[in-house]
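The structure under discussion appears below in the form of structure tokens.
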Ligand code: GAP
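In the working numbering, the protein residues as written are 508 to 971.
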């Protein structure tokens with residue numbers, strides 16, 4: 508439909524004079540949960556897993572844009588936690604470890620949530636998350652809950668063809684333990700001296716009693732964790748340092764400071780291994796909730812694994828002639844959860860020249876597509892130039908070529924998926940060898956020679 512919404516045949520596109528800005532009116536209301544879920548589904552960020560079979564509860568697949576967003580979040584984390592530092596190295600350990608790992612770490616005994624079942628409708632709930640501990644949120648019945656019992660969150664399976672107690676194994680519920688069991692291997696080969704960190708990202712699995720809120724809490728998810736080993740005397744300083752670093756990371760990637768805060772755990776909230784924890788919390792549509800936890804894990808894990816395995820995992824400080832278990836400061840983030848929060852935070856609705864515009868103001872490092880190349884028409888000579896422009900950009904950035912529909916609609920689609928720049932090839936391009944570059948946020952349009960396009964975009968997007 509042309510005209511009314513301001514996205515008619517060429518609405519939104521105009522051959523720019525010097526530099527053009529549109530007047531924007533921002534609607535600051537935070538998006539509702541449904542709005543974000545609808546956008547994620549409509550644009551193919553996230554699909555329900557096994558959708559053709561009716562879906563599997565709280566399991567999700569990431570579509571083309573979702574996988575790019577998630578990959579960008581993980582790359583940004585890796586870059587800041589490993590690549591740009593000289594005191595942190597990487598690791599990728601197995602998801603299935605020896606079961607003794609989880610016994611020593613305390614997960615077999617203590618990684619439990621309190622489970623209650625409603626005697627009326629038989630729905631199961633996590634007792635500590637109930638708004639009213641006496642009322643079933645599924646059927647509304649009162650006083651029908653069974654006594655709370657400990658429910659272990661680890662997924663179990665069996666290694667090999669016969670399922671028996673002797674070959675019981677677990678899917679890892681956190682990536683951290685692979686780091687502790689490799690502490691000595693990594694220290695030795697990387698010739699590391701305290702303080703140093705080992706970082707790992709990858710899938711973790713928890714048989715959550717009440718998964719929900721879309722991809723916020725799922726049974727299969729991705730974590731980004733780093734274990735920072737230090738002398739116990741320095742642990743408090745490093746704890747404060749990592750709390751601040753991790754909080755800043757979200758801000759540096761463009762998160763609105765009003766939507767993010769730190770919260771210290773109370774004594775009774777602390778995990779079995781921690782003496783102090785601060786959560787980075789995000790203002791989700793349902794309220795403040797956890798994005799990441801930064802914990803002081805003391806020497807709990809190395810001590811436990813030393814005792815259980817019989818291998819001495821103490822660190823030898825040559826200068827001091829001292830052998831000791833280092834303390835560990837652990838920033839533990841969720842990659843899937845962070846990607847979801849960045850998506851929510853980036854979502855804006857505006858009115859532009861009396862027409863609504865939805866725009867994802869994602870930091871360009873996180874945006875799934877960095878540049879869209881759009882010929883004004885499907886005429887072969889324009890498409891030919893478009894292909895040439897696309898070929899020049901493709902090795903450096905994730906790009907998309909879109910030739911369908913009116914240009915205004917194509918801009919709208921790119922705004923909605925957060926593409927920072929649209930490059931339009933128009934009829935004048937054939938004469939002047941220049942294209943129009945439109946900035947997603949300001950909607951300003953610049954005329955740039957094709958020969959200068961990579962430099963122009965490189966200045967704004969980084970090297971690619
Ligand atoms: N190694 C410590 C640890 O795993 P955690 O607070 O249980 O700590 C760290 O988990 C992060 O992993 C959380 O802050 C959250 O972002 C993410 N996470 C945990 N459980 C999750 C779930 N069921 N679904 C999605 N993300 C989850």
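For glycine and all other residues, C-beta sits at the position ideal for the given N, C-alpha and C.
No experiment lies behind these values; they were computed from the predicted model shown.
For the alpha helix (DSSP H) holding residue i, just list the boundary residues, first then last.
i, result
"residue 624", "Premise fails: residue 624 lies in the beta strand (DSSP E), 619 to 624, not in any alpha helix (DSSP H)."
"residue 896", "887 to 900"
"residue 745", "742 to 759"
"residue 544", "540 to 549"
"residue 963", "960 to 968"
"residue 916", "914 to 924"
"residue 938", "936 to 939"
"residue 693", "690 to 697"
Given that a residue counts as buried once 16 or more other Cβ atoms are within 10 Å of its Cβ, and exposed if not, what is residue i?
i, result
"residue 628", "exposed"
"residue 532", "Caution applies to residue 532, whose pLDDT of 47 falls short of 50 and renders its modelled position unreliable; the model cannot decide the point."
"residue 694", "buried"
"residue 1023", "Any answer about residue 1023 is impossible in this case: the structure gives the chain only from 508 up to 971."
"residue 560", "exposed"
"residue 886", "exposed"
"residue 620", "buried"
"residue 669", "exposed"
"residue 793", "exposed"
"residue 617", "exposed"
"residue 909", "buried"
"residue 737", "buried"
"residue 962", "exposed"
"residue 557", "exposed"
"residue 969", "exposed"
"residue 891", "exposed"
"residue 530", "Since pLDDT at residue 530 reaches only 46, below the 50 mark, its modelled position is unreliable, and the value read off the structure follows with that caveat. Exposed: under 16 other Cβ atoms inside 10 Å."
"residue 949", "exposed"
"residue 576", "buried"
"residue 815", "exposed"
"residue 728", "buried"
"residue 528", "Because residue 528 sits at a pLDDT of 45, beneath the cut-off of 50, its placement in the model cannot be relied upon, and the following sentence gives the value as read from the coordinates. Under this definition residue 528 is an exposed residue."
"residue 692", "exposed"
"residue 750", "buried"
"residue 940", "exposed"
"residue 675", "exposed"
What first and last residue would you give for the beta strand (DSSP E) that runs through residue i?
i, result
"residue 709", "703 to 712"
"residue 730", "727 to 737"
"residue 554", "553 to 555"
"residue 662", "It is not in any beta strand (DSSP E) - residue 662 carries neither H nor E in the DSSP assignment."
"residue 876", "Counting along the chain, residue 876 falls outside any beta strand (DSSP E), and DSSP gives it neither H nor E."
"residue 1004", "Residue coverage of the chain in this structure runs from 508 to 971, which leaves residue 1004 outside it and unanswerable."
"residue 716", "Residue 716 -> no beta strand (DSSP E), and no H or E assigned at all."
"residue 790", "783 to 791"
"residue 908", "906 to 908"
"residue 682", "From DSSP, residue 682 is part of no beta strand (DSSP E); its letter is neither H nor E."
"residue 930", "928 to 932"
"residue 771", "767 to 771"
"residue 780", "Per DSSP, residue 780 belongs to no beta strand (DSSP E) and is neither H nor E."
"residue 955", "952 to 956"
"residue 569", "567 to 569"
"residue 631", "631 to 633"
field: Entirely enclosed beta strand (DSSP E) segments - the region 573 to 606, minimum 3 residues
entry: 595 to 597
query: Three or more C-beta pairs closer than 8 Å, one from the region 799 to 816 and one from the region 607 to 614: is that the case here?
result: yes
- prompt: How do the region 826 to 845 and the region 878 to 886 stand: do at least 3 beta-carbon pairs fall below 8 Å, yes or no?
  reply: no
- prompt: If you pair each beta-carbon of the region 757 to 774 with each one of the region 732 to 747, do three or more pairs fall below 8 Å?
  reply: no
task: Kindly confirm or deny that the region 541 to 549 and the region 681 to 701 touch, where touching means at least three C-beta pairs closer than 8 Å.
output: no
query: Can we say the region 566 to 586 touches the region 817 to 833, given the rule of at least three CB pairs closer than 8 Å?
result: no
message: Count Cβ pairs between the region 548 to 568 and the region 709 to 724 that sit closer than 8 Å; are there 3 or more?
response: yes
- request: Return the chain-ordered ranges of every beta strand (DSSP E) run that is complete within the region 801 to 870 and spans a minimum of 3 residues.
  value: 822 to 824, 829 to 831, 834 to 841, 854 to 859 and 862 to 867
- prompt: Looking at C-beta atoms only, is the number of pairs between the region 652 to 662 and the region 573 to 583 that lie closer than 8 Å three or more?
  reply: no
- request: Spell out a yes or no on whether the region 586 to 602 and the region 635 to 646 are touching, meaning 3 or more CB-CB pairs, one atom from each, closer than 8 Å.
  value: no
- prompt: Is it a yes or a no for the region 896 to 908 touching the region 947 to 956, going by three-plus beta-carbon pairs under 8 Å?
  reply: no
field: Cβ contact check for the region 904 to 921 and the region 845 to 857: 3 or more pairs under 8 Å
entry: no
- prompt: Should the region 774 to 782 be called in touch with the region 645 to 661, which here means at least 3 C-beta pairs below 8 Å?
  reply: no
query: With contact counted as at least three CB pairs below 8 Å, one residue from each stretch, are the region 672 to 686 and the region 595 to 604 in contact?
result: yes
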